[in-house]
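Under the UniProt record's numbering, the first residue of the sequence shown carries the number 1, and numbering increases by one thereafter. The beta carbon of each residue, even a glycine, is placed where N, CA and C say it ideally should be.
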Amino acid sequence: MAAAVVWRRGAAWLRSCRGKVLRRGGSPETPGVPRARGCAGSREVVPTCERYAVRRLPFGRLADGDVAFFERLLPGRVVTGEEEVKPFNVDWLKSVRGCSQLVLKPQTTAEVSQILRYCHERNLAVSPQGGNTGLVGGSVPVFDEIILSTALMNQIISFDKVSGILVCQAGCVLERLSEYLEEQGFIMPLDLGAKGSCHIGGNVATNAGGLRLLRYGSLRGTVLGLEVVLADGSALDCLTSLRKDNTGYDLKQLFIGSEGTLGVITAVSILCPQKPKAVNVAFLGCQSFAKVLETFTTCRAMLGEILSAYEFMDEKCMELVETHLKLSSPVAGSPFYVLIETSGSNSTHDEEKLNSFLEQAMASGLVTDGTVATDDKKIKVLWSLRERITEALTHEGYVYKYDISLPVGKLYDLVTDMRARLGQSAKNVVGYGHLGDGNLHLNITAESYSHSLLDAIEPFVYEWTARCSGSISAEHGLGFKKRQFIQYSKPREAVVLMQQFKAMLDPKGILNPYKTLPERSTC
């Protein structure tokens with residue numbers, strides 16, 4: 001099978017062009033993937049505590065003696081000074097900003113333990129931070145919390161080629177782990193657009209989903225063990241490498257998705273699948289969202305065990321990617337686009353199944369246009385059209401981001417209703433996401449932040465989601481921005497129980513305050 005081929009409705013393979021993608025009109029073109037010159041511009045970010053009128057909790061304040069202690073503990077790994085600390089205070093979307101005066105960079109679990117023991121005694125609040133790629137304000141301070149960065153906790157501890165179990169420190173960058181594993185014939189069970197920056201500890205702390213969840217499941221299933229430092233500095237060693245361990249409560253599940261509010265993850269044990277020998281990616285155009293859904297049903301039935309991803313995006317997403325990032329889509333003129341990935345061990349078998357599916361999709365009118373790539377370079381080009389939508393959106397100004405789980409059949413109705421509700425008050429309202437697991441990324445852009453626009457979006461978006469028995473956070477977490485809306489997805493009794501867990505494990509509340517859970521009076 002050639003590296004890239006193009007489909008047109010009502011015809012079989014028209015032609016193939018090894019290493020190139022055929023566009024409408026038949027002329028071959030090799031699309032490039034230029035890097036963006038910046039994500040969210042250079043605008044000054046309003047401090048979070050001012051924009052959202054947050055009240056500082058009664059934590060201790062940093063003193064010269066505190067800095068001196070940390071400099072003795074971490075020689076050369078303490079960051080002070082307004083300009084030096086500034087990148088750690090702002091999220092990459094440039095939507096929230098803290099006022100921390102101190103960044104600590106431990107290298108070992110023992111150092112994290114000493115840091116937290118000291119902070120617990122002094123009642124100093126701490127903001128754990130990995131790659132700072134979060135989208136809900138969970139990874140940066142709100143006030144002057146000390147930033148505990150895992151950037152230097154980046155060592156691979158072990159990898160067992162027989163079991164496929166990787167043990168590593170929490171600060172390992174996801175892309176580095178992927179590259180290491182591919183050399184061993186394995187892959188990470190999760191893949192994210194932010195893989196070049198995000199840390200595995202942060203991925204686990206937010207229970208990140210990503211692009212491979214359809215095939216390999218969530219981190220709640222693939223993470224086998226964790227090492228965690230609690231708020232008082234005590235280290236909890238549950239870093240097991242066993243796939244079966246039914247002795248008592250599964251404590252690691254408390255920390256997966258807890259966003260650094262119950263403990264600081266310092267090491268992870270994770271089960272990794274073998275690297276597929278054959279990977280294909282199809283990028284298809286559909287004329288309606290109903291066709292997107294029907295294509296998914298047909299795809300799942302015909303591709304079965306080799307289906308590894310099913311992503312969708314609307315035409316506005318493609319317009320923004322092409323306009324702001326200068327990426328070229330090989331398929332144009334459709335209201336919706338679908339990216340399908342297959343992964344297997346037999347290229348001939350997989351190609352036959354994919355071809356049969358595409359013939360059926362074309363013949364039945366589900367798909368009107370499309371291209372297929374089989375070599376790594378072309379696969380990356382097609383994936384970039386989906387992975388870099390978030391980056392393209394930041395060029396539009398301020399972005400209101402919503403990460404929703406819904407029954408698949410209702411996934412795009414929220415986008416349609418939001419467009420009708422906001423009208424001209426929003427610059428763009430777009431929808432894309434992981435259709436295979438019912439996850440919509442609803443994004444609304446404006447020239448700048450507006451309280452009135454936010455009031456028009458919230459709580460409408462959460463009420464709409466709750467009526468459909470959905471979740472207001474599918475994979476991004478609640479962080480700072482969504483914590484006060486948890487009641488739309490969880491009953492009061494569940495929230496109270498979560499707050500009790502928090503009070504037990506972190507009685508002084510020093511770990512990532514103002515995040516994940518609402519204040520007790522609001523539940």
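Residue i (DSSP reduced to helix, strand or coil)
i: Ala231; result: coil
i: Ala480; result: The amino acid at residue 480 is misidentified as Ala; the sequence shows Phe. The answer is coil: DSSP assigns Phe480 none of H, G, I, E or B.
i: Cys317; result: helix
i: Arg421; result: helix
i: Arg24; result: Low confidence applies here, because Arg24 scores a pLDDT of 28, under 50, leaving its location unreliable; read the following figure in that light. The answer is coil: DSSP assigns Arg24 none of H, G, I, E or B.
i: Asn355; result: helix
i: Glu341; result: strand
i: Gln129; result: strand
i: Glu50; result: helix
i: Tyr449; result: coil
i: Glu519; result: coil
i: Ser489; result: coil
i: Ser306; result: Residue identity differs from the one stated: residue 306 is Ile in this sequence, not Ser. Reduced to three states, the DSSP call for Ile306 is helix.
i: Pro513; result: coil
i: Thr109; result: helix
Length of the line joining the Cα atoms of residue i and residue j
i: Glu83; j: Val96; result: 17 Å
i: Arg520; j: Gly138; result: 19 Å
i: Tyr432; j: Cys286; result: 14 Å
i: Leu74; j: Pro106; result: 7 Å
i: Ser127; j: Gly217; result: 29 Å
i: Ile270; j: Ser197; result: 19 Å
i: Arg467; j: Pro276; result: 40 Å
i: Gly134; j: Gly470; result: 21 Å
i: Thr295; j: Gln114; result: 54 Å
i: Phe143; j: Asn154; result: 27 Å
i: Gly423; j: Thr416; result: 11 Å
i: Leu211; j: His434; result: 7 Å
i: Ile200; j: Phe159; result: 15 Å
i: Tyr488; j: Tyr462; result: 6 Å
i: Lys326; j: Ser384; result: 11 Å
i: Val338; j: Phe312; result: 4 Å
i: Thr368; j: Leu284; result: 8 Å
i: Phe70; j: Cys99; result: 19 Å
i: Arg117; j: Glu319; result: 51 Å
i: Phe88; j: Val67; result: 17 Å
i: Arg77; j: Gly60; result: 22 Å
i: Leu382; j: Ser234; result: 46 Å
i: Val495; j: Arg483; result: 11 Å
i: Ile306; j: Lys353; result: 9 Å
i: Thr516; j: Ile472; result: 12 Å
Residue i CB to nearest heavy atom of the ligand COA below 8 Å
i: Tyr310; result: Looking for the ligand COA in the displayed structure turns up nothing, as the structure carries no ligands at all.
Residue j beta carbon less than 9 Å from that of residue i
i: Thr465; j: Ile510; result: no
i: Asn203; j: Leu213; result: no
i: Asp314; j: Pro330; result: no
i: Ala361; j: Cys299; result: yes
i: Leu93; j: Lys380; result: no
i: Thr109; j: Val229; result: yes
i: Thr206; j: Glu121; result: no
i: Phe460; j: Arg421; result: yes
i: Lys481; j: Val136; result: yes
i: Ile146; j: Ala170; result: no
i: Lys378; j: Val281; result: yes
i: Gly164; j: Gln274; result: yes
i: Leu440; j: Leu411; result: yes
Residue burial classification, residue i (beta-carbon count within 10 angstroms, cutoff 16)
i: Val46; result: exposed
i: Gln253; result: exposed
i: Leu62; result: buried
i: Pro507; result: exposed
i: Gly41; result: Caution is warranted here: a pLDDT of 40 is assigned to Gly41, below 50, making its placement in the model unreliable, and the coordinate value is therefore given only provisionally. Classification for Gly41: exposed.
i: Thr390; result: buried
i: Thr348; result: exposed
i: Thr342; result: buried
i: Val429; result: buried
i: residue 541; result: Because the chain is modelled from 1 through 523, residue 541 falls outside the range shown and cannot be assessed.
i: Leu242; result: exposed
i: Arg72; result: exposed
i: Asn443; result: buried
i: Met418; result: buried
i: Leu366; result: buried
i: Leu14; result: Reliability of the predicted coordinates at Leu14 is poor, the pLDDT of 26 falling under 50, and the value obtained from them is presented with this limitation in mind. Result: exposed.
i: Met498; result: buried
i: Gln101; result: buried
TODO: Starting from the N-terminal side, write out each stretch of the alpha helix (DSSP H) that is 4 residues or longer and does not extend beyond the segment 139-225.
DONE: 174-183, 200-205, 213-216, 219-222
- [ ] Please list the segments of the alpha helix (DSSP H) lying wholly inside the segment 56-97, counting only runs of 4 or more residues, in order along the chain.
- [x] At a cut-off of 4 residues, the continuous stretches assigned as alpha helix (DSSP H) that sit fully inside the segment 56-97 are 64-73, 82-89.
Open item on the list: Could you tell me which whole alpha helix (DSSP H) segments of length 4 or greater appear in the segment 359-443?
Closed with: 376-387, 389-394, 413-422
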